[in-house]
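First up is the structure itself, then whatever we jot down about it.
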Amino acid sequence: MSSRTIQVAPFDLVVFGGTGDLAARKLLPALYHRDHAGQIPDEARIIGVSRRALTREGYADFVRKSVREFVPGNAIDEAVLERFASRADYRAVDATGEAGWSDLAQVLADGRDRTRAFYFAVSPELFAPLSQHIQEFHLITPQSRVVLEKPIGKDGDSAQEVNEAVGKVFAENQIFRIDHYLGKETVQNLMALRFANRLFEPLWNSGNIDHIQITVSEDIGVGERGGYYDTSGALRDMVQNHMLQLVTLIAMEPPDAYDSESVRDEKLKVLKALKRIDERNVEQVTVRGQYRAGSVASKPVQSYLDDIGREESNTETFVAIKAEIANWRWAGVPFYLRTGKRLAERVSEIVVNFRHISHSIFDHTAGRIHHNRLVIRLQPDEGVTLEVMIKDPGPGGMRLRRIPLDMSFAETFGVANPDAYERLLMDVIRGNQTLFMSRNEVAAAWRWIDPIIAAWATTGQRPSPYSSGSWGPSASIALIERDGRTWFEDSE
Ligand code: BG6
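Residue numbers (the numbering used here): 443 to 934.
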């Protein structure tokens, strides 16, 4: 297998929050990998921006340190790392005041013809003042674009405010709202699987699919992010964006073409068709949980409250939802969504459960005929498994059993998948918005989430405790078992 690397056009990437956690862990390592692969042209520059006073050399050190810490040792090539660090420049800028902006303008003046990308890796309250200053200091060129990191707002109204403030300065086709799940290789593969095969699409409907499960479980706790997390919770942090994006890709109608307008239009229709959850049904179809102390991978870990240093919190670190899509294709097919921190293991997977066969020609000696399942693993071991019934080999009559037709991408292709940010950053430079969320999508997602949050408040639904290292509160098992179904890991 060979992969093609096509160099992108020369660019200036201005990272606001340039010395922050996201830059260190994700953005700089991703850019280093792309540089290593030969995708970044010589002229490209990375301009770190934050409040901190730092020299250009100081920032180059930060870049080296981040790469050494977050890129596996065997992928570090000293010559490439030096070339990469030499792309770095730095300016101290006050996001809400005037200090530093003319300096930044001066650095950028050299690159007026290049692609210019502003990356807002900062808290969303700063999106509006940053956009205003960018405009005031005439930093926008025809080749400019802006990248917004999540969270975009904490409800529909605040998201609208952010979108309006940024929209006053940048046109919609210049705004890249990042959801890093869309950059994951297997998530893109979902589209290949559905739309580059004859096999699945004719079966992709309520006539043939019984239900769908999406699990995004993490074994980590909230770590250092307690301050942010406690004002957010699992529903806002994971469902409003990542999980709903997965739902849209599974459920959307085939777009006319694989381009941003067609794909995003179809995704939007799914979000609009989500059946409303409010105080009438919230207790039947949602479960909230919060982790207690326990043990994860045989190591003792403390509770959420201890992690955030508070005695009480009504924030959920786990959520399970029975969602439904009210349209012709999906009516009556539940989408069971589940995500949480400090769960038994880190796994993200989509399980498409097909209906049972309509009639069995075999007698009871053949054993039980299980339904087919398509399991799409996003992480850690990316791949696809199709579970089918076959005859148990050998003599002894017709005995049936379910076996996995398993494809692990790492084994098949022999290469590790690139990090989602590698793909997405290059798409920003190329100006391809297909894997980014449109303003309407963000708004539609909040329109479904807001009534759930409101209903939790009116009904007083508090998070149920669960032990760290489990699969969440028992109510989550009950949620699916009430319908005569089981979560994937509990099934045979
Ligand atoms: C982020 C959330 O968007 O996604 C985090 O804010 C979460 O809370 C992370 O840990 C999960 O991403 P990944 O790629 O590790 O599954």
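We treat Cβ as the ideally placed atom computed from N, Cα and C, and that holds for glycine.
Quick one: residues in its chain with C-beta nearer than 6 Å to the C-beta of residue i, no 5 flanking neighbours on either side, listed in chain order?
| i | result |
| --- | --- |
| S880 | R706 |
| D555 | none |
| R498 | D531, Y532 |
| S444 | Unreliable positioning characterises S444 in this predicted model, as indicated by a pLDDT of 45, which lies under 50. The coordinate reading is nonetheless provided below. So no residue of the chain qualifies. |
| Y623 | V629, H684, Q687 |
| N605 | R881 |
| H475 | E864 |
| K711 | none |
| K592 | N683 |
| P452 | P483, E485, A486, R556 |
| I654 | F777, V794 |
| P697 | S704, V705, E708 |
| L632 | L691 |
| R819 | E791, G825 |
Within the same chain, show all residues whose beta-carbon is closer than 7 Å to that of residue i, passing over the 5 residues directly before and after it, in chain order.
| i | result |
| --- | --- |
| E753 | L747 |
| A527 | A502, V505, R506 |
| T901 | E721, V724, E725 |
| E423 | The structure shown has nothing for residue 423, since the chain only spans 443 to 934. |
| V870 | A559, R587, V589, F618 |
| L470 | V505, S508, V509 |
From the DSSP output, in three-state form, read off residue i for me.
| i | result |
| --- | --- |
| L921 | helix |
| A944 | Residue 944 is absent from the structure shown; the chain starts at 443 and stops at 934. |
| R525 | helix |
| P907 | strand |
| S444 | Summary for S444: the model assigns pLDDT 45, below 50, so the residue's position carries little reliability, and this model does not support an answer. |
| Y700 | coil |
| M694 | coil |
| S880 | coil |
| G675 | coil |
| N795 | strand |
| T728 | strand |
| R865 | helix |
| H475 | helix |
| M831 | strand |
| M685 | helix |
| S933 | coil |
| G782 | strand |
| Q875 | coil |
| T557 | strand |
| V564 | coil |
Return the chain-ordered list of same chain residues with a C-beta closer than 8 Å to the C-beta of residue i, the five sequence neighbours on each side being excluded.
| i | result |
| --- | --- |
| R924 | none |
| A465 | V457, G459, G490, S508, A563 |
| R467 | S508, F512 |
| G547 | The amino acid at residue 547 is misidentified as Gly; the sequence shows Ala. Taken in chain order, the residues that qualify are F579, H580, L581. |
| R525 | D477 |
| I651 | L645, V775, V794, N795, F796, R797 |
Give me the residue from the options with the minimum Cα distance to residue i.
| i | options | result |
| --- | --- | --- |
| V826 | P835, G839, G836, S850 | S850 |
| R844 | N882, Q821, H798 | H798 |
| I662 | P893, I922, S912 | S912 |
| N795 | N647, A613, R619, R678 | N647 |
| R865 | Q821, N615, D621, Q602 | D621 |
| E824 | H653, R640, K626 | K626 |
| Q744 | G665, L635, D519 | G665 |
| I922 | T657, R529, E485, E591 | T657 |
| D718 | I767, A885, P905, M868 | Correcting the residue identity first, residue 718 is Arg in this sequence and not Asp. Closest option to R718, Cα to Cα, is I767. |
| R678 | N516, A896, L469 | A896 |
| F760 | D932, K833, P915, L713 | P915 |
| G480 | L469, F612, V450 | V450 |
| P514 | D698, N756, P860 | P860 |
| E758 | V738, D536, S906 | S906 |
| I894 | F637, L716, I750 | L716 |
| R771 | A885, K783, V681, E643 | E643 |
| E883 | G839, E853, M694, D672 | M694 |
May I ask you to check if the CB of residue i is nearer than 8 Å to at least one heavy atom of the ligand ADP?
| i | result |
| --- | --- |
| S565 | With respect to the ligand ADP, the structure offers nothing, as its ligand set consists of the ligand BG6. |
Pop quiz: residue i and residue j are said to be a contact at Cβ under 8 Å. What is the actual Cβ separation, rounded to whole angstroms?
| i | j | result |
| --- | --- | --- |
| I488 | L473 | 6 Å |
| G675 | S918 | So it is not a contact: roughly 15 Å between Cβ atoms. |
| V522 | D477 | 6 Å |
| I763 | T728 | 5 Å |
| W888 | G595 | 7 Å |
| A534 | R493 | 6 Å |
| S800 | Q821 | Their Cβ separation, rounded to whole angstroms, is 35 Å, which puts S800 and Q821 out of contact at 8 Å. |
| F569 | A607 | 6 Å |
| A537 | L572 | 6 Å |
| A735 | S910 | 6 Å |
Can you find a C-beta in chain C that's less than 9 Å from the C-beta of residue i?
| i | result |
| --- | --- |
| H622 | No chain C appears in this structure, which consists of one protein chain only. |
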